[in-house]
Each structure stands twice: as C-alpha cells, then as structure tokens.
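Chain order of the listed sequences is A and B.
9 is the number of the first residue of the first sequence in the numbering used here; add one for each residue after it.
442 is the number of the first residue of the second sequence in the numbering used here; add one for each residue after it.
From the three backbone atoms N, C-alpha and C, an ideal C-beta is built for every residue, glycine too.
The structure under discussion appears below in the form of structure tokens.
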Amino acid sequence: MKLLTCPVNGTRPLSEFIFGGEYRQAPEQNSCTDAEWAAYVHNRHGAPGDKKEWWYHSPSGTWFIAERNTLTDKVSSTYLLSQKNLNEEKAAQEAGK
Amino acid sequence: MPLRLLKYALKKEHPAPRFFKSLETPKKSYDVVIIGGGGHGLAAAYYLAKDHGITNVAVLEKGYIGGGNTGRNTAIVRSNYLTPEGVNFYDASVKIYEGLSEELDLNLFYSTRGHFTLAHTESAMRTMRWRAEVNKHVGVDSVVVGPDEIAKACPELDMSCSGQAPILGALFHAPGSIARHDGVAWGYARGADRYGAEIFQNTEVLSIDVKNGKVCGVKTNKGYIETKQVLSAVAGFTPRITEMVDLETPIVIHPLQACVTEPMKPWLNNILVSGSLHVYVSQSSRGELVMGSSLDPYEVHQTRSTLDFVEGLTSHMLDMFPFLSNVKIVRQWGGMADMTPDFAPIMGKTPIEGFYLDAGWGTWGFKATPISGKTMAATIANDSAPDLIHSFRLSRFEDYELTGEKGAASVGH
C-alpha cells in the first residue's frame, strides 16, 4: 500500500487522500486579458517533473501542499500552506519583477 | 487467403513475412513527419497516401509500433456518445472499422457484440435516456432497455449486483464491438508502407525546431530531419512534445489500468459497462475476460500496475458475476491517458504553423483510430481541419466552447 505523510496526522495510507491538482497562482483578475484568464482556467503544466500540488487528507479535512515528482512518483516534502509561505512567495515574486 | 496459406505451407522455407520495411536511418527531409507509431499516427500516414497522394512521410516511434496505448486499451469500439458532434465523429469511425479487415487485408477479429451501459441509479438512467435520444437523432442505434432484456441477454449477470447496486436498466448500443488492437496498428503500418511511407522504430524525437512561428525540422536520436509539417500523435507523451514547441494545453496525464483473466469457454456475448461499479468487461476471441476500470486518481507519468486496482476491480466483478470467484487474473498492465477537462480529444491545427495535434485521447482513443487518421490526414493535406473535428480544436478552450463528453465516458472518472 502506498503511503503519504499528512503534515498534521503523520503517515497514512494513500487511499485516505484526495489529489487536488497543481498549486497555481491566479493572474490578477482585474488587469489580465481574456486570453490569460482562459489559459489560467483550462491549461495545465502537463509535462513530467517536480511539482507543487494540493492534497487533501479526507478523514481530518486537511488541505496541504506536497512536493512530488510526477515521473518517479516520489514525494520530497509535505507541509501546510502558512501565511509565512505565502509571504515568502509574494516577496520572491516581487523580487522577480 | 487460404490459397496463400497453402502456397506458404508447401514452401521449403518459412520466413515470417515482414509487414513493413525495417529501416534504420531517416532521410534528410520529409514532407510530413508523424511522431508516434501507434494506430493514430500510422492511420494518418496511411490516409495521407491513400486519400491525398502524400507519400514522402516518416513515422517516428520511440519504442515499437502499437506498443503504447494502441496495445494497452480494452479494444472496445462504440459510438454511443453524448454530444451530436461526438456521436457523428465516432459513428464515422465505427463505419470504417466495419470494413477495415477487408480494406487492410488483415483479420482484425472485429466482432460486433452489442454494448450495455448498465444504470444502477435514477440519475444514471436519465443520462442513458439522454444519450439514447441524441444517438437516435443522429441516426445511431442506441435504445434504453429494462432489467428483463438485460437478464435475457446476459443470464449470468447478478441483476442485484450482490444486493449492492440493483440494475435499473441500461443503454443498449447494438453496433458496440471489439477488435484486435495491435492488428489495427500493424494493418495500417503495412498499408502505409506499401504506399511508400517510412516507419522508424526506436526513433525518439528530442526537440522540434520552430522558427518565426513555423515548424522547420525535428531532431531525433538518429539525426536531424527537415520538415514543414509535424503531426504529434503520442497520447500519454503529448505534454512532453507540446513542451518542445512551448504550446500550452489542458492535458494532464493519469494512468489507466486493465487486466485479463485466464481463458474460458465463450459465455459472455456482450460488452458490459457499469459506471457505478467502475467496470467494463468483454470476452476476447481468445476467451479471456478483458477488464478495465476508472483512472488512477492522481497524475503520474508511469505505466506501473497496482494491487489496489486489481483488488477494487475484481471485487466489483464479483458483485456482477459471483461465479467467477475461482477464476485467475493472468495479466495486468497500465497506460498513460492524456486527459482533457471535457473528455473530448484535441485535434487539428495549433497556433504554430505546420504543427498539428492529435491528442487528448484519454481513455477513448482506440475506437477513433480510423477516423482520426483520416481527418488528421485531411487537416495536414489541406492545412485546414474538416468540419467533423471542428468541435475538437485546441482553441475551443480559449473560446469557452467545450465539447462535454464526460457523461459518455465508459465509467465515472
């Protein structure tokens, strides 16, 4: 049986978890173009590689982030998405600009 | 055929006849390069030559032909879809399939069985009525039938499904068939080869050259090939190809698994599908029960098999057919399904000139092999997609004009 580590409840069987798709940033909805918004709604990064994904531990109702390689199916880390993560992400984005 | 067999038997030597030339190195340039030597790519090469006289074509296959999803599906052919666009398209495919053994001069074991999509809930019955009406409107033979007719057609079926999910009715689609899937790839390969197309196995595309928005060549592990037209027909590898040309698509890869039992005497005439129990099953001409289930629940680019799958599937099979409890599973395997959000394919032109997509075939590609080959050949030859595949264009997502076929997927995914 495959296992996944929930950041709150520890290592649990994979059947307790639901895949929530890739973690993505929405474009600024007031300023983006229709084409950008349509691309955000429909398109996905389908190529294999290291990805940041939403996962849900269904018995405890916990949403969290897993970093996983979609080619090897190896999970490198799981953690809760905290305000600290979000702030760091925002800072990194602004630094990038 | 029997005369040919007799002549062969009387010969002193018995070399296996080759279906297509064994070529090692591609030429420097081709009019059209097709990536992917599965049924779809080979059918496109065949119809490019047959319908349009384009024979300077290379088919590049990184493994061996028919070794991808063409040889991994459960070989069901049907056209009982949900949208008129889908029904028309798959119906055209069924019609080609019916005469394909003769056309390709190869026995594809095409066997029309009748296809029941079982409904265990009122809401499933509603979808069956909807599908039946759309099918009839387009001229496809589908009717809603009650439990008595199902029990008569398949007396082995436990109509209560072990008391878990009593069968209320079904959508019956008389033209539903099965075929020898690898035969389809081999038949199209031989046909394309006879017209002059060249097939290269063990030939992997490493990158695609695009200049000023136009395709100008592909780099392979066997050298560079100049070409102005490239067709990607690679199913589960589509995101890797579209990444080479910086094209975004909605495609996400999920594994889809299947398995077969040991061979038995023929007892199951029909193809049976249960959306609620996540099962589709038919009996092959060899006597094996060929069974599939729903997609694996998360994205993985692998063709591994899991015990979870086979346990879940067989437990539901026993709900339907308790007498199979001592029958053994002899093989299981997986394929990579290129899923789209609306469960319809992505076919036709792309924003890159000369780059054509035949993708998004998810769990429904085998049945469309002949018609997708034919329509993609027409798209490449005329640089314009035929009306039949207009609803499957890549730009439908940008236009918010999706072609919702989820209700016609064999099982709830």
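Asked                                                                                                                                                                   : Found
Hey, is the region 734 to 741 of chain B in contact with the region 645 to 661 of chain B, meaning 3+ C-beta pairs nearer than 8 Å?                                     : no
Under a Cβ-count criterion, where at least 16 other Cβ atoms within 10 Å of its own Cβ denotes burial, should Gly-16/A be classed as buried or exposed?                 : A small correction: the amino acid at residue 16/A is Val; Gly does not occupy that position in the sequence shown. Classification for Val-16/A: exposed.
Go ahead and label Asn-510/B buried or exposed: buried means 16 or more other beta carbons lie within 10 angstroms of its beta carbon, across all protein chains shown. : buried
Hey, how far is the Cα of Gly-540/B from the Cα of Arg-519/B?                                                                                                           : 15 Å
For the alpha helix (DSSP H) containing Leu-489/B, list its first residue and its last residue.                                                                         : 480 to 493
Nearest-angstrom Cα distance between Leu-523/B and Glu-839/B?                                                                                                           : 22 Å
Figure out for me which residue from Pro-786/B, Thr-810/B, Pro-827/B has the closest Cα to the Cα of Gly-845/B.                                                         : Pro-786/B
In whole angstroms, what separates the C-alpha of Glu-502/B from that of Met-732/B?                                                                                     : 27 Å
Residues in its own chain within less than 6 Å of Glu-639/B by CB, not counting five upstream and five downstream?                                                      : Leu-464, Ala-499
Cα separation between Val-651/B and Val-686/B?                                                                                                                          : 7 Å
Ignore the nearest five residues each way along the sequence and tell me which others in Thr-496/B's own chain have a CB closer than 8 Å to its CB.                     : Leu-489, Ala-490, Tyr-636, Gly-637, Ala-638
If contact means a Cβ-Cβ distance below 7 Å, which residues of the region 718 to 751 of chain B contact chain A?                                                        : Pro-738, Tyr-739, Glu-740, Val-741, His-742, Gln-743
Quick check: the region 458 to 473 of chain B against the region 593 to 612 of chain B, are there 3 or more CB pairs under 8 Å?                                         : no
Give me the chain B residues within the contact set of Asp-58/A, using Cβ-Cβ distance strictly less than 9 Å, ordered along the chain.                                  : Result: empty, since nearest Cβ-Cβ is about 12 Å, beyond 9 Å.
Would you call Tyr-87/A buried or exposed, if buried means 16 or more other Cβ atoms sit within 10 Å of its Cβ?                                                         : exposed
Within 7 Å (strictly less), CB to CB, does Arg-391/B reach chain A?                                                                                                     : With chain B covering 442 to 854 only, the question about residue 391/B has no answer from this structure.
Using a threshold of 7 Å, state whether the C-beta atoms of Gly-477/B and Ala-630/B are closer than that.                                                               : no
Mind checking which residues open and close the alpha helix (DSSP H) that includes Lys-536/B?                                                                           : 525 to 539
Beta-carbon of Asn-77/A versus every beta-carbon of chain B: anything under 7 Å?                                                                                        : no
Quick one: grab the DSSP three-state call for His-719/B.                                                                                                                : coil
Please name the residue, chosen from Glu-729/B, Met-780/B, Leu-697/B, that lies closest to Pro-691/B on a Cα-to-Cα basis.                                               : Met-780/B
Is there a Cβ of chain A sitting closer than 7 Å to that of Val-686/B, yes or no?                                                                                       : no
Just checking, does the region 62 to 74 of chain A make contact with the region 21 to 40 of chain A on the three C-beta pairs under 8 Å criterion?                      : yes
Just reading off the beta strand (DSSP E) that Glu-639/B is part of, what are its end residues?                                                                         : 639 to 641
Would you mind working out which of Gly-508/B, Leu-672/B, Val-579/B sits nearest Tyr-471/B, comparing C-alpha positions?                                                : Leu-672/B
Is His-854/B helix, strand or coil when you go by DSSP?                                                                                                                 : Residue confidence is low: His-854/B scores 48 on pLDDT, short of 50, so the model does not pin down where it sits. Its coordinate-derived value is still stated next. Here His-854/B sits in coil by DSSP.
Got a sec? Which residues, its chain only, sit under 8 Å from Thr-19/A by beta carbon, not counting five neighbours each side?                                          : Leu-11, Leu-12, Thr-13
Does Pro-691/B get closer than 7 Å to chain A when you measure Cβ to Cβ?                                                                                                : yes
Mind pulling the chain A residues with CB within less than 9 Å of Phe-838/B?                                                                                            : Ala-46, Ala-47, Val-49, His-50, Asn-51
Once DSSP output is grouped into helix, strand and coil, what is the label at Phe-550/B?                                                                                : coil
Could you check the C-alpha separation between Gln-91/A and Ser-84/A for me, to the nearest Å?                                                                          : 21 Å
On the DSSP letters alone, give me the boundaries of the beta strand (DSSP E) that Glu-61/A sits inside.                                                                : 58 to 65
Examine chain A for any beta-carbon lying closer than 7 Å to the beta-carbon of Thr-844/B, and answer yes or no.                                                        : no
I'd like to know if Ala-55/A contacts chain B, where contact means its C-beta is closer than 7 Å to some C-beta of that chain.                                          : yes
Who are the neighbours of Pro-792/B on chain A, taking C-beta pairs under 7 Å?                                                                                          : What Pro-792/B touches in chain A: nothing, since even the nearest Cβ is about 11 Å away.
Does Phe-27/A come within less than 7 Å of chain B when only Cβ atoms are used?                                                                                         : yes
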